[in-house]
Amino acid sequence: MKADSHALRILALALAVGVALGGIHLVSVIGLHVPFDPNEGWNAYFTHAAMTTGSPYPPARSLMVNNYPPLSFYIVGAITTVVCDAIVAGRIVATAALATVALGIALAARRMGCNRIEAVFAALFFTAGVMLTSDYAGMDDPQMLGHAIAICGLVLVLHEPQTPRAMVAAALLFAIAFFIKHNLVVLPLALAAWLALLDRRSAFTFAVSGIVFVLIGLGLFREVFGTSMVDVIDTARAYSFANIVSAMKAWLAWSAVPLAGTITLFAIARHDRHVMLCAIYAAIATIAGAYFSGGAGVDANTMFDADIALALGAGLLMNRISAAQDTAAIVFAVPLAIGLWSLDTNWRSGDFWMHPMAEERAAAKGEIALLRTAHGPAICEMLSLCYWAGKDAEVDVFNIGEAYRAGRRGDADLVSAIDARRFGMIQFEEMSPFPLTENIRRAVDQHYRLVRKDDDRTFFAPR
């Protein structure tokens, strides 16, 4: 067995320390009433609806819009019964899911021929990337939970010898992942293509089983919720090439090195079946992620499949080019160093560790207290604030705004409610660009007054 280079061992150790420190910070803020992302409150309200009414889907004319599959709401809901806070429960699930994805990457890399250090490096590289370039580490959102289920399917497919039972079990896991988050179609497609090149019988079993499980799931969805899941997820969303360009620029700042590494890996070992899988997975994931990133409101999560593929490629590259492992390790350290030093948060200060998110906590505490004083319902663009203030969900500002812009909904009902001063408080993240229509803005200006303005948020009360 070859010895790992000193550079790779040092890099893996540095990654382990960095990820451990990131994990400590993540755990220290997991219970804070501080919004991490608009998705958190949105997910929390639908989790609450799933556990109290049996369905996470609002009536057709509701101003709340749920365009996600159902499973995550029930999974997080089960944890909510213990911790009594759907946002905290979602953060716990997401944190455990990130750890599961990392473990799955390590196990998959081992089954692809990597030794322990190389496999650990691949897992830590992905985890560090999530922590450095997104807010999805420990965020109440089903994306990472879906990847955790999917990575287990990958590990099953890579088991030797490949058996029909393993193919069926893996297909079931991928179907479950799809009903957690509907954009998780890349890895099963890549595996089906890879198996078709190497073992058509396994490919057939895997593909047919997956299709059957998804069709059964879609049928159960219609039976339980009385509508088509395709109709549920087909909500209005603006799409632009500018969004793709912006997203890919941000992604390439981190992924250029591992992307070049995977291309190099394929160039030198294209006949290696595991290298072939990494290349297929990375290609499909990058193209699909770029396409998904054109939608308004999408985030770094559209590229997580590509990140997983490139992390596996990084581990395989270290394994397949042992003579140049030192050089490769040094090159892979570059994006890590850049990402660490360009973090928005001042992680080098003592307060970051001793008093995590102190300013954000103080601001959120005041905002939640203000919302609690409001009589009647409230509109929160940052729904987590309304959730913690004990307000019912009234308006999904982002999705309703997209429906207005697409012409699928009219704004008359919301304008009338604002004209009647139905809401005791209205909160927006920013006023320019305004997230809703000009009619709604005029109604707010006419009937509401500004009562609080923070760095990120504005609050209006009736005149």
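Counting in the working numbering, the sequence shown runs from 29 upward without gaps. The beta-carbon is built from N, C-alpha and C at its ideal position, and this holds for glycine as well. Quantities reported herein were computed from a predicted structural model and do not represent experimental measurements.
- For ALA310, the secondary structure class from DSSP, reduced to helix, strand or coil, is helix.
- In the DSSP assignment, the residues bridged to LEU478 are PHE488.
- DSSP links GLY323 through a beta bridge to TYR267.
- The beta carbons of GLY157 and GLY325 sit no closer together than 9 Å.
- Contact check for ALA165 against LEU215 fails: the beta carbons are separated by 9 Å or more.
- Taking the Cα of TYR102 as reference, the smallest distance to any Cα among TRP222, PHE332, LEU173, LEU398 is reached at LEU173.
- Taking 9 Å as the cut-off, the Cβ atoms of PHE234 and ALA198 count as close.
- Under the three-state reduction of DSSP output, ALA417 falls in the coil class, being neither helix nor strand.
- With a cut-off of 8 Å on Cβ pairs, the stretch 53-70 is in contact with the stretch 410-418, counting three or more such pairs.
- One alpha carbon belongs to PHE149, the other to ALA40, and they sit about 5 Å apart.
- Separation of ASP424 and THR290 (C-alpha to C-alpha, rounded to the nearest whole angstrom) is 40 Å.
- A Cβ-Cβ contact shorter than 9 Å links PHE360 with VAL285.
- 9 Å or more divides the Cβ of GLY341 from the Cβ of ALA390.
- The stretch 325-350 is shown to contain whole alpha helix (DSSP H) runs of 4 or more residues at 332-348, in chain order.
- Cβ contact annotation for MET257 (same chain, cutoff 6 Å, sequence separation greater than five): LEU246, PHE249, in chain order.
- Of the residues assessed, GLY59 falls on the exposed side of the cut-off, its CB having fewer than 16 other CB atoms within 10 angstroms.
- Counting only residues of its own chain and dropping the five nearest sequence neighbours on each side, LEU345 has a CB closer than 8 Å to the CB of GLY289, THR290, THR292, LEU293, ALA356.
- Of the residues assessed, PRO84 falls on the buried side of the cut-off, its CB having 16 or more other CB atoms within 10 angstroms.
- Residue LEU186 holds the alpha-carbon nearest to the alpha-carbon of GLY141 among ALA122, LEU152, LEU186, ALA281.
- When C-alpha distances from ARG144 are compared across ASN347, ASP379, ALA440, the shortest belongs to ASN347.
- The continuous beta strand (DSSP E) containing MET453 extends over residues 453-456.
- Residue pairing by DSSP puts CYS408 in a beta bridge opposite GLN455.
- Nearest in C-alpha terms to LEU43, of all of MET159, ASN95, ALA88, HIS61, is MET159.
- Spatial neighbours of ALA122 in its own chain (CB-CB distance under 6 Å, excluding positions within 5 residues in sequence) are listed in chain order as GLY166, MET167, MET172.
- For THR401, the uninterrupted alpha helix (DSSP H) run begins and ends at 386-401, by DSSP.
- Spatial neighbours of LYS481 in its own chain (CB-CB distance under 8 Å, excluding positions within 5 residues in sequence) are listed in chain order as PHE487.
- For the set ARG485, ASP484, TYR476, ASP483, the Cα lying nearest the Cα of ARG491 is the one of TYR476.
- An exposed status is given to GLU458, since fewer than 16 other beta-carbon atoms sit within 10 Å of its beta-carbon.
- The Cβ atoms of GLY132 and VAL183 sit closer than 9 Å to each other.
- The Cβ atoms of ILE336 and PHE202 lie no closer than 9 Å to each other.
- Around the beta carbon of ASN374, fewer than 16 other beta carbons lie within 10 angstroms, which makes this residue exposed.
- Bounds of the alpha helix (DSSP H) holding HIS53 are 34-57.
- Relative to the Cα of ASP484, the nearest Cα in the group GLU395, ASP447, ASN427, ARG400 belongs to GLU395.
- ASP379 carries a helical assignment under DSSP once its states are collapsed to helix, strand and coil.
- In the DSSP assignment, TYR432 falls within the unbroken alpha helix (DSSP H) covering 425-434.
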